[in-house]
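Residue numbers (my numbering): 1046 to 1316.
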């Protein structure tokens, strides 16, 4: 059984916990260590089985507490060499990760965490030093895929949606809200550039094009505070999929991850 808890999702800070009961990982470390430890305590999560931190990319909302978290919880930090270098140079981290805790990974090359989790990083387009998604396979045969900060739909995105039983995927902005919203034009251009973020509409179409019967649960993540709304993101995805005969709540479960507070926990039984 997989257990998933999201401690925060969005540009204010990203961090999630995934466990199969034997081994666990943190996905990004963009929230403060005191907040993280409080959540772990309140939800009764096991830190003794944590095997590391998987870092997607070197933007502050994903790494700002990585040094503190890795030190306090005695965890190795897994990222590509480029992301590690970006983290080292970043002026927005609270504390640098001790170099002895850094583990370099390569996109497309699986590695083991503990005795029961197999992880593969894959490339995602985004204007960071480097950026990856993660495919996390448990020994029980369950696959959880993480795709946050996606500049554009790609073949890799489609491939890994096709592998996922459980999927955490970005739905950052509503196109109309962004177009008519308060952001300066250069920032709007950056978001829609192909190395920025995915819109609700793009994510909806990706799910429609790549939906399969083994996809059981989708979480929409990294929603913009200014240019999106949880119910709007959900409604956009539900309506687009309904047009393809795919019904949220029947064919799969759909949830939206909260920005500032905990979402979950969810416990997913093996089928």
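From the three backbone atoms N, C-alpha and C, an ideal C-beta is built for every residue, glycine too.
The structure displayed is predicted, hence computed values, not measured ones.
Selection 1246, 1295, 1175 and 1158 evaluated against residue 1098 yields 1158 as nearest (Cα-Cα). Annotation for residue 1112: the continuous alpha helix (DSSP H) segment containing it runs 1111-1117. Residue burial annotation: residue 1306 is exposed, with fewer than 16 other C-beta atoms found within 10 angstroms of its C-beta. Between the alpha carbons of residue 1284 and residue 1049 lies a distance of about 26 Å. Spanning the alpha carbons of residue 1111 and residue 1295 requires a straight line of approximately 38 Å. Per DSSP, residue 1286 is one residue of the alpha helix (DSSP H) stretching across 1275-1287. Going by C-alpha positions, residue 1301 is about 13 Å away from residue 1193.
Residue 1204 counts as exposed, since fewer than 16 other beta carbons sit within 10 angstroms of its beta carbon.
Here DSSP, grouped into helix, strand and coil, assigns residue 1127 to helix. As a beta-bridge residue in DSSP terms, residue 1168 pairs with 1177.
Nearest neighbour of residue 1113 by Cα position, chosen from 1123, 1299, 1286 and 1076, turns out to be 1076. Under the three-state reduction of DSSP output, residue 1107 falls in the helix class. Secondary structure note for residue 1061: its beta strand (DSSP E) is the uninterrupted segment 1060-1064.
The shortest CA-to-CA distance from residue 1187 to any of 1056, 1064 and 1058 is the one to 1064.
The three-state reading of DSSP puts residue 1096 in strand, counting E and B together.
Between residue 1201 and residue 1227, the CB-CB gap reaches or exceeds 8 Å. If you draw a straight line from the Cα of residue 1074 to the Cα of residue 1059, it is about 6 Å long. Residue pairing from DSSP places residue 1149 in a beta bridge opposite 1124. Contact between the segment 1168-1186 and the segment 1236-1247 is established, with three or more Cβ pairs separated by less than 8 Å. Within 10 angstroms of the beta-carbon of residue 1053 lie 16 or more other beta-carbons, which makes it buried.
Looking at 1149, 1214 and 1245, the one whose alpha-carbon comes closest to that of residue 1260 is 1214. In the DSSP secondary-structure assignment, residue 1070 is bridged to 1063. Bridge partners of residue 1263 according to DSSP: 1212 and 1299. Each residue's CA atom was taken as its position, placing residue 1282 and residue 1272 some 16 Å apart.
With contacts defined by Cβ atoms closer than 8 Å, residue 1122 and residue 1096 do not form a contacting pair. Residue 1085 places its beta carbon less than 8 Å from that of residue 1092.
With a beta-carbon spacing of about 5 Å, residue 1128 and residue 1175 fall inside the 8 Å limit used to define contacts.
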